[in-house]
Amino acid sequence: MELNASHSFHQILPWLAFSKPADQWLESMRGQTIEAQLESRRITKVCVEEMISTAAIGIGKDNNLTVYFNYYGTSLQDCIESLGHEIGHTFHYDLSKTPPIKITDDDRDEKLLYIIEDFCNLFSLKWIMVNDKKEIERCCKKAGVRFHNNS
């Protein structure tokens, strides 16, 4: 199947329990601020840390989700894509629990891990399409992310 913006996650990945909720969430977030979108996925902090990857998500000290960006910087495009990717990861957490609990066993199932990473990459692309890149950039800058000149 060739992917385009009209395909839903549920059409592409119907076996993922969170594909339909991701479709519904994306539709419901149209016109919302980036901060409101993050809050609705229990992301209460976006910050920079010394790390190897461009970005990561984890449980913060407040028992909510935190998105971490590499302290050493990234390109603007990588930052935008990474924020969308990390929001995508929230869909395999039960956000009704404190702290949020993973509902997938991707730590032990390598095939599932790749499927989830593909989902998050696709989620990021679709999320960017329904948001203003300048607003995403503003959110990243507010968190202290430094951009390389190749952005």
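So the number in the working numbering is just where the residue sits in the sequence shown, counting from 1, plus 726. Ideal Cβ placement from N, Cα and C applies to all residues, glycine included.
The ligand FMN heavy atom lying under 7 Å from the CB of residue i
i: aspartate 820; result: The ligand FMN is absent from the structure shown, which contains no ligands of any kind.
Exposure label - residue i; buried when at least 16 CB within 10 Å
i: lysine 852; result: buried
i: arginine 767; result: buried
i: glutamate 776; result: exposed
i: isoleucine 862; result: buried
i: cysteine 865; result: buried
Whole-angstrom C-beta distance between residue j and residue i, which should lie under 8 Å
i: lysine 771; j: glycine 757; result: That belief does not hold up - the Cβ atoms of lysine 771 and glycine 757 are roughly 24 Å apart, past 8 Å.
i: glycine 799; j: histidine 733; result: At roughly 34 Å, the Cβ-Cβ gap does not stay under 8 Å, so glycine 799 and histidine 733 are not in contact.
Cβ-Cβ distance between residue i and residue j below 8 Å
i: asparagine 857; j: isoleucine 769; result: no
i: histidine 811; j: cysteine 846; result: yes
Residue(s) in a DSSP beta bridge with residue i
i: isoleucine 827; result: Asp820
i: tyrosine 794; result: Cys773, Ala782
i: threonine 800; result: Phe873
(request) Evaluate the contact criterion for the stretch 827 to 841 versus the stretch 780 to 787: three or more CB pairs, one atom per stretch, below 8 Å. (result) Counting C-beta pairs closer than 8 Å gives fewer than three between the stretch 827 to 841 and the stretch 780 to 787, which falls short of the contact rule.
(message) Would you call the stretch 732 to 750 in contact with the stretch 813 to 824, where contact means no fewer than 3 C-beta pairs closer than 8 Å?
(response) Contact holds: three or more Cβ-Cβ distances are below 8 Å.
(message) Count Cβ pairs between the stretch 799 to 813 and the stretch 823 to 832 that sit closer than 8 Å; are there 3 or more?
(response) Contact fails between the stretch 799 to 813 and the stretch 823 to 832, because fewer than three Cβ pairs, one in each stretch, are under 8 Å apart.
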